[in-house]
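Student: Submitted below is the structure of interest, expressed as structure tokens.
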Amino acid sequence: SPVSGGYRHDLLAHAAGGDVAVPRVVPPGDAVGHTPSGILVAPGTGDNMAAALGVGAAPGDVVISLGTSGTAFAVSDSPTTDSTGAVAGFADATGRYLPLVCTLNAARVLSATASLLGVTLEEFSDLALSADPGSGGLTLVPYLDGERTPNLPHATGSLHGITRDSLSPANLARAAVEGMLCGLADAVDALRSAGVRPRRFLLIGGAAGSPAVQVVAASLFGGEVVVPPPAEYVALGAARQAAWALRGTTEPPVWSALSGRIVAATAQPEVRARFAEVSAPTR
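FYI, in the working numbering the residues of the sequence shown are 3 to 285.
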């Protein structure tokens, strides 16, 4: 139970048909013992939770992780309940909570479109930035592998607004970036509906280094966008949690404060409105 921090034995008994033996629940910074050779054994965590700890996310920060798939998550002081199923309620790596929304289609959308256009990812970013916001009326719904949020496992992608004027490499490149990030902006809206109050957005992951992604994200998310230096934030978070357990303190160790570049862009609400319009029939 996220409220008690312990097991719901009534639910365990209902699921298993009787009493079951379960391990004890240990706080994230505690030690549980040692191996025969003296190595400390302590709780671990998950990838997104470790990333939040590694990047130093605090309440008010929404982390946008752009790998093959995309995630939007935040550290929260209260557990999350979402009857729609869009927001998954996890524990974070510090004893708090981590509401999270996942999309299937993130960096893979950009790499697939760059491959179609026959350009490198750097050239793809330049192409996207050379197009106007809104991609000349071209809108890509990038459900190239189905989609998880919204839950459309059998959906396919679609391209809308094709005219002789709109169908250009630059517009297609920007439409791919806008479509991918519109899906994550919808994920941020789901977090807001679950009680998260974003103060700023931290872009991490492979696609976060793309200048086009940074600018378009700043135009769509409705808040300050910060791009931390490239790093393995999952590994850093795991190391920070391990150091916490090794030190035996009540709070995780304080590491160097997060630095990052703030990206500014003019808000483009019409891009999201158009995406919502053309993606609605698939939902």
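Where is the CB? At the ideal position from N, CA and C, for every residue including glycine.
Here's a check: name, in chain order, each residue in its chain whose Cβ is nearer than 6 Å to the Cβ of Gln216, leaving out the five neighbours to either side.
Tutor: Same-chain partners within the cutoff: Val229 and Val265.
Student: How many angstroms separate the CA atom of Thr73 from the CA atom of Val198?
Tutor: Cα to Cα, Thr73 sits roughly 15 Å from Val198.
Student: Checking 8 Å against the spacing of the C-beta atoms, do Leu140 and Leu119 come in under that value?
Tutor: Taking 8 Å as the Cβ cut-off, Leu140 and Leu119 do not qualify as a contacting pair.
Student: Quick check on DSSP: helix, strand or coil for His16?
Tutor: Three-state DSSP puts His16 in a helix.
Student: To the nearest angstrom, how far is the alpha carbon of Asp147 from that of Leu238?
Tutor: If you take the alpha carbons of Asp147 and Leu238, they lie about 30 Å apart.
Student: Could you tell me whether the segment 46-56 touches the segment 89-96, where touching means 3 or more Cβ pairs closer than 8 Å?
Tutor: Touching, per the Cβ criterion.
Student: Could you pull the start and end residues of the alpha helix (DSSP H) that Ser281 belongs to?
Tutor: Unbroken alpha helix (DSSP H) run through Ser281: Pro271 to Ser281.
Student: Using C-beta distances below 7 Å, list every residue in its chain close to Arg10, excluding the 5 sequence neighbours before and after it, in chain order.
Tutor: Cβ neighbours of Arg10 beyond the five flanking positions: Ser3.
Student: Assuming Thr73 is part of the beta strand (DSSP E), what are its boundary residues?
Tutor: That run of the beta strand (DSSP E) goes Gly72 to Ala76.
Student: Let me know the alpha helix (DSSP H) ranges lying completely inside the segment 43-120, each 4 residues or longer, listed in chain order.
Tutor: For the segment 43-120, whole alpha helix (DSSP H) runs of length 4 or above, ordered along the chain, are 49-57 and 109-119.
Student: What are the boundary residues of the alpha helix (DSSP H) that includes Phe223?
Tutor: Premise fails: Phe223 is in no alpha helix (DSSP H) and is neither H nor E.
Student: Give me the Cβ distance between Arg150 and Thr105, rounded to the nearest whole Å; I'm assuming they're in contact under 8 Å.
Tutor: About 6 Å; that satisfies the 8 Å criterion.
Student: Excluding sequence positions up to five away, which residues of its chain have a Cβ less than 8 Å from the Cβ of Val5?
Tutor: These residues qualify, in order along the chain: Pro81.
Student: Is the separation between the beta-carbon of Gly31 and that of Trp246 shorter than 8 Å?
Tutor: Contact flag set, yes.
Student: For Val236, which of Gly69, Asp12, Pro29 and Leu14 has the nearest alpha-carbon?
Tutor: Taking only the C-alpha atoms, the option nearest Val236 is Gly69.
Student: What does the alpha-carbon distance come out to for the pair Leu204 and Val65?
Tutor: Each residue's alpha carbon lies about 5 Å from the other.
Student: What's the gap between the Cα of Gly35 and the Cα of Thr252?
Tutor: Their backbone Cα atoms lie some 17 Å apart in a straight line.
Student: Considering only DSSP beta bridges, list what Ser160 is partnered with.
Tutor: DSSP lists Val143 as partners of Ser160.
Student: Take the Cβ of Leu248 as the centre, count every other Cβ of all protein chains shown within 10 Å, and call the residue buried at 16 or more, exposed below.
Tutor: With fewer than 16 other Cβ atoms within 10 Å, it is exposed.
Student: How close, in whole Å, do the beta carbons of His156 and Val280 come, if the pair is a contact with beta carbons under 8 Å?
Tutor: Incorrect: roughly 18 Å between the Cβ atoms, too far for contact.
Student: Among the candidates Val24, Gly185, Gln243 and Val179, whose CA atom is the shortest distance from the CA of Thr47?
Tutor: Nearest C-alpha to Thr47: Gln243.
Student: Quick one: what's got a C-beta closer than 7 Å to Val28's C-beta in the same chain, skipping five residues either side?
Tutor: Cβ neighbours of Val28 beyond the five flanking positions: Val34 and Pro45.
Student: If we call anything under 8 Å between Cβ atoms a contact, is Ala278 one with Ala220?
Tutor: It is not a contact, given that the beta carbons lie outside the stated cut-off.
Student: Verify whether the separation of the beta carbon atoms of Val57 and Leu193 is less than 8 Å.
Tutor: In this structure, Leu193 does not lie closer than 8 Å to Val57 by Cβ.
Student: Report the rounded CA-to-CA distance for Leu169 versus Ala241, giving the unit in angstroms.
Tutor: When rounded, the distance between both Cα atoms is 47 Å.
Student: When you compare only the Cα positions, how much space is there between Val218 and Pro25?
Tutor: Approximately 46 Å, taken between the alpha carbons.
Student: In its own chain, which residues sit with a C-beta less than 7 Å from the C-beta of Leu222, not counting the 5 before and 5 after it?
Tutor: So the list reads Leu183, Cys184, Ala187, Gln270, Val273 and Arg274, once near-sequence residues are dropped.
Student: Tell me which residue opens and which closes the beta strand (DSSP E) that Arg150 is part of.
Tutor: Taken as a continuous stretch (DSSP letters only), Arg150 belongs to no beta strand (DSSP E), as it is neither H nor E.
Student: Since I believe Val22 is in contact with Leu14 (beta carbons under 8 Å), could you give me their beta-carbon distance rounded to a whole number of angstroms?
Tutor: Contact holds; Cβ gap of about 5 Å.
Student: Hey, would you say Leu142 sits closer than 8 Å to Gly87, going by beta carbons?
Tutor: No, the Cβ-Cβ distance between Leu142 and Gly87 is not below 8 Å.
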